[in-house]
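Notes to accompany the following structure.
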Amino acid sequence: MWKYDPVLFSRLLTELTLTFHIIYATIGVGVPLMIAIAQWVGIRKNDEHYILLARRWTRGFVITVAVGVVTGTAIGLQLSLLWPNFMQLAGQAISLPLFMETFAFFFEAIFLGIYLYTWDRFENQKKHLLLLIPVAIGSSASAMFITMVNAFMNTPQGFELKDGVITNIEPLVAMFNPAMPTKVAHVLTTAYMTSAFVLASIAAWHLMRGNRHVYHKKALHLTMKTAFIFSLASALVGDLSGKFLAEYQPEKLAAAEWHFETSTHAPLVLFGTLDENNNVKNAIEIPYALSILAHNHPGAEVKGLNEFPEDEIPPLYIHYLFDVMVTIGILLTMVSAVYWLGKQRKWKFIMNKWFLALLVTTGPLAMLAIEAGWYFTEVGRQPWILRGYMKTAEAATSSGHVDTMLVAFSILYLILGIASVTVLINMFRKNPVEKELAERSREREVVSQ
Numbered sequence: 012m013w014k015y016d017p018v019l020f021s022r023l024l025t026e027l028t029l030t031f032h033i034i035y036a037t038i039g040v041g042v043p044l045m046i047a048i049a050q051w052v053g054i055r056k057n058d059e060h061y062i063l064l065a066r067r068w069t070r071g072f073v074i075t076v077a078v079g080v081v082t083g084t085a086i087g088l089q090l091s092l093l094w095p096n097f098m099q100l101a102g103q104a105i106s107l108p109l110f111m112e113t114f115a116f117f118f119e120a121i122f123l124g125i126y127l128y129t130w131d132r133f134e135n136q137k138k139h140l141l142l143l144i145p146v147a148i149g150s151s152a153s154a155m156f157i158t159m160v161n162a163f164m165n166t167p168q169g170f171e172l173k174d175g176v177i178t179n180i181e182p183l184v185a186m187f188n189p190a191m192p193t194k195v196a197h198v199l200t201t202a203y204m205t206s207a208f209v210l211a212s213i214a215a216w217h218l219m220r221g222n223r224h225v226y227h228k229k230a231l232h233l234t235m236k237t238a239f240i241f242s243l244a245s246a247l248v249g250d251l252s253g254k255f256l257a258e259y260q261p262e263k264l265a266a267a268e269w270h271f272e273t274s275t276h277a278p279l280v281l282f283g284t285l286d287e288n289n290n291v292k293n294a295i296e297i298p299y300a301l302s303i304l305a306h307n308h309p310g311a312e313v314k315g316l317n318e319f320p321e322d323e324i325p326p327l328y329i330h331y332l333f334d335v336m337v338t339i340g341i342l343l344t345m346v347s348a349v350y351w352l353g354k355q356r357k358w359k360f361i362m363n364k365w366f367l368a369l370l371v372t373t374g375p376l377a378m379l380a381i382e383a384g385w386y387f388t389e390v391g392r393q394p395w396i397l398r399g400y401m402k403t404a405e406a407a408t409s410s411g412h413v414d415t416m417l418v419a420f421s422i423l424y425l426i427l428g429i430a431s432v433t434v435l436i437n438m439f440r441k442n443p444v445e446k447e448l449a450e451r452s453r454e455r456e457v458v459s460q
């Protein structure tokens, strides 16, 4: 007989909200930087195509920000409604970064409004570009502060727990916890990388469909070059994240790699399956790679799951989430490297339909890697919501209406998703590049007369 479980439904609703929000949040963090780069290149080269890139990307960015505000508000609401015991315990410790995240958003929104209003109002475009810098800083700062909260949940510090109550809170110590540097760096670099790949996918789509306008070629070159740089940065930060896990969350690393027994010269396990005795089958093993990832030495000892209590071991399916994230990251780095090298060597195949079709997939694949990474982060912390202090089941609400909330928010996200995609498609379909370039050319002629 089916039994209502508020913990299960709270997990599902939080998972749904984060899954939907992270799409818009990632674009919201990465696209302002891409707009700034495009406008800067346009000013430096006196190239109208790059200026138009910045203008069109800004219009699309505004739509994603609007949806991100709704989903971000939902997350804040659900933290209190679905996880009241967690907020009661840790709310005071995380209140400062939560406040700073809100402040950073308003900082970004104010300057975004001014930036939009002042298009073509400056004779010197460099002054207009200066207005975009606070937007880019605000969006990245917003991501940084909210990631600090997540980092705190993984490595809580800066307080004392007495009789179930947090006391002697040091907000800055709580914010700058051991997980913060790698988590913030990973969130930012992957957001920049993913946004670049998403924009590259759009340019590649137009080129693949036969629109070989130089605007799309420049857009593809700019975005793929930027994506390659940040894919390398993401790989470097990913390596540092592995070393962080080995020191602070060894059970998570062991579960991600199906590393059951503590050993030296540990291999990195990719894909595969587990039998009923937790023996790894049909996997790809890279000798010594896990020891190198964890401690930079092929003979280093890596803790196995045998070292931890059974009720504190994360779900073993996070292995597949880790594999998806890493595999896609490697693939995207290779594809962007081939494009960059092909551009340098003037290889013709990089503009062939089959390669452009491959480039079209990079945006969705990058977003899939983002989703897998966040699932890995959250599921890999289980059974804890505040590692070492409170388990997820202890933090959840006992309300009998979470299932109703799940249905309501599912409908809301479906409407928001369809509406935002429809608006974006119609916005750019009714204003093709050729039309906008012609209009701006006529405007310049009128001004010059």
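With my numbering applied, the sequence shown corresponds to residues 12 to 460, in that order.
We treat Cβ as the ideally placed atom computed from N, Cα and C, and that holds for glycine.
Closer than 6 Å by C-beta to Leu85: which residues in its own chain qualify, once you throw out the five before and the five after it? Chain order, please.
Counting from 1 along the sequence shown, the entry for residue 85 is found at position 74. Reading off the sequence, residue 85 comes out as Ala, not Leu. Closer than 6 Å at the Cβ level, and outside the excluded window around Ala85, lie Thr28.
Could you confirm whether any beta carbon from chain C is found closer than 7 Å to the beta carbon of Gly374?
In summary, chain C is missing from the structure at hand, where a single protein chain is found.
Using a Cβ-Cβ cutoff of less than 8 Å, which residues in the same chain neighbour Gly399 once the five nearest sequence positions on both sides are dropped?
Here the question's residue 399 lines up with position 388 in the sequence shown. Pro167, listed in sequence order.
Give every residue of the same chain whose Cβ lies closer than 6 Å to the Cβ of Gln136, excluding the five residues on either side of it in the sequence, and list them in chain order.
Locating residue 136 in the sequence shown gives position 125, where the first residue counts as 1. Answer for Gln136: Ile54, listed in chain order.
Excluding sequence positions up to five away, which residues of its chain have a Cβ less than 8 Å from the Cβ of Leu127?
Taking the sequence shown and counting its residues from 1, one reaches residue 127 at position 116. Excluding residues within five positions, the ones whose Cβ falls inside 8 Å are Thr69, Val73.
Where do the N-terminal and C-terminal ends of the beta strand (DSSP E) with Trp358 fall, by residue?
Counting from one through the sequence shown, the residue named residue 358 turns up at place 347. Run containing Trp358: none; DSSP gives neither H nor E here.
For the stretch 39 to 49 against the stretch 423 to 441, are there 3 or more C-beta pairs whose distance is under 8 Å?
Contact fails: fewer than three Cβ-Cβ distances are below 8 Å.
Taking its Cβ as the centre, do 16 or more other Cβ atoms sit within 10 Å of Ile361, making it buried, or is it exposed?
In the sequence shown, the residue the question calls residue 361 occupies position 350. Buried.
Roughly how many angstroms lie between the CA atoms of Leu327 and Asp250, to the nearest whole one?
Taking the first residue of the sequence shown as position 1, residue 327 is located at position 316. Taking the first residue of the sequence shown as position 1, residue 250 is located at position 239. One C-alpha to the other measures close to 21 Å.
Look at Ile329 and Ala277 and say whether their C-beta atoms are less than 7 Å apart.
To locate residue 329, count along the sequence shown from 1; it is residue 318. To locate residue 277, count along the sequence shown from 1; it is residue 266. No, they are not a contact pair.
On the CB-based measure, 16 or more other CB atoms within 10 Å of its CB, does His139 come out buried or exposed?
Here the question's residue 139 lines up with position 128 in the sequence shown. So His139 ends up on the buried side.
Going by CA-CA distance only, name the one from Leu172, Ala104, Ala238 that's closest to Pro182.
If you number the sequence shown from 1, residue 182 lands on position 171. Comparing Cα-Cα distances from Pro182 to each of Leu172, Ala104, Ala238, the minimum goes to Ala104.
For Thr37, count neighbouring Cβ atoms within 10 angstroms of its own Cβ and tell me buried if that reaches 16, exposed if not.
Your numbering for residue 37 matches position 26 in the sequence shown. So Thr37 counts as buried.
With DSSP collapsed to three states, give me the class of Leu327.
Taking the sequence shown and counting its residues from 1, the one referred to as residue 327 is at position 316. Reduced to three states, the DSSP call for Leu327 is coil.
Contact check, Leu279 vs Ala300 under 8 Å by CB: the rounded distance?
Locating residue 279 in the sequence shown gives position 268, counting from the first residue. Locating residue 300 in the sequence shown gives position 289, counting from the first residue. Indeed they touch by this definition, with Cβ atoms about 3 Å apart.
Among Ile62, Ser302, Thr200, whose alpha-carbon lies nearest the alpha-carbon of Leu311?
Residue 311 sits at position 300 when you count from the first residue of the sequence shown. The residue you asked about is not Leu; residue 311 is Ala in the sequence shown. Cα-wise, what sits closest to Ala311 is Ser302.
For Thr82, which residues of its own chain have a beta-carbon under 8 Å away from its beta-carbon, when the five flanking residues on both sides are left out?
In the sequence shown, counting from the first residue as 1, residue 82 sits at position 71. So the qualifying residues of the chain are Thr28, Phe31, His32, Tyr35, Ala36, Tyr424, Leu427.
Candidates Leu231, Glu262, Glu26, Pro375: which alpha carbon is nearest Arg392's?
By one-based count along the sequence shown, residue 392 stands at place 381. The candidate whose alpha carbon is nearest that of Arg392 is Glu262.
Based on Cα-Cα distance, which residue from Thr373, Leu123, Glu389, Met111 lies nearest to Val76?
Position 65 of the sequence shown, counting from 1, holds the residue named residue 76. For Val76, the nearest C-alpha among the options comes from Leu123.
Select from Ile295, Pro375, Phe319, Glu405 the residue whose C-alpha is nearest the C-alpha of Gln260.
Numbered from its first residue, the sequence shown carries residue 260 at position 249. The residue with the shortest Cα to Cα distance from Gln260 is Phe319.
Residues in the same chain with beta-carbon distance under 8 Å from Phe133, minus the five sequence neighbours each way, listed in chain order, please.
If you number the sequence shown from 1, residue 133 lands on position 122. Excluding residues within five positions, the ones whose Cβ falls inside 8 Å are His139.
Pick out whichever of Pro309, Ser410, Phe114, Thr201 has its Cα sitting closest to the Cα of Thr344.
In the sequence shown, residue 344 corresponds to position 333, counting from 1. Thr344 has its Cα closest to that of Thr201, out of Pro309, Ser410, Phe114, Thr201.
In this structure, does DSSP put Ile38 in helix, strand or coil?
On the sequence shown, residue 38 is found 27 positions in, with the first residue counted as 1. Note: Ile38 maps to helix in three-state DSSP.
Between the Cα of Tyr331 and the Cα atoms of Lys364, Tyr386, Asn317, Lys314, which residue gives the shortest distance?
Along the sequence shown, read from residue 1 onward, the residue named residue 331 stands at position 320. Here the closest residue by C-alpha is Tyr386.
On a CA-only basis, which of His270, Asn288, Thr275 is nearest Phe282? Give me that one, please.
Residue mapping note: residue 282 aligns to position 271 of the sequence shown, counting from 1. The option with the nearest alpha carbon to Phe282 is His270.
Specify the secondary structure class of Lys292 as computed by DSSP and reduced to three states.
Here residue 292 refers to the residue found at position 281 when the sequence shown is read from its first residue. Correct three-state label for Lys292: strand.
CA-CA distance, Val225 and Leu243?
Locating residue 225 in the sequence shown gives position 214, counting from the first residue. Locating residue 243 in the sequence shown gives position 232, counting from the first residue. C-alpha separation (whole angstroms): 27 Å.
If we count Cβ pairs, one from each stretch, closer than 8 Å, do we get three or more for the stretch 207 to 215 versus the stretch 151 to 171?
No: fewer than three Cβ pairs fall under 8 Å.
Are three or more beta carbon pairs between the stretch 105 to 122 and the stretch 143 to 155 nearer than 8 Å?
Enough Cβ pairs lie closer than 8 Å, so yes.
Ends of the beta strand (DSSP E) at Ile177?
As a position in the sequence shown, residue 177 is number 166, starting the count at 1. Per DSSP, Ile177 belongs to the beta strand (DSSP E) from 176 to 178.
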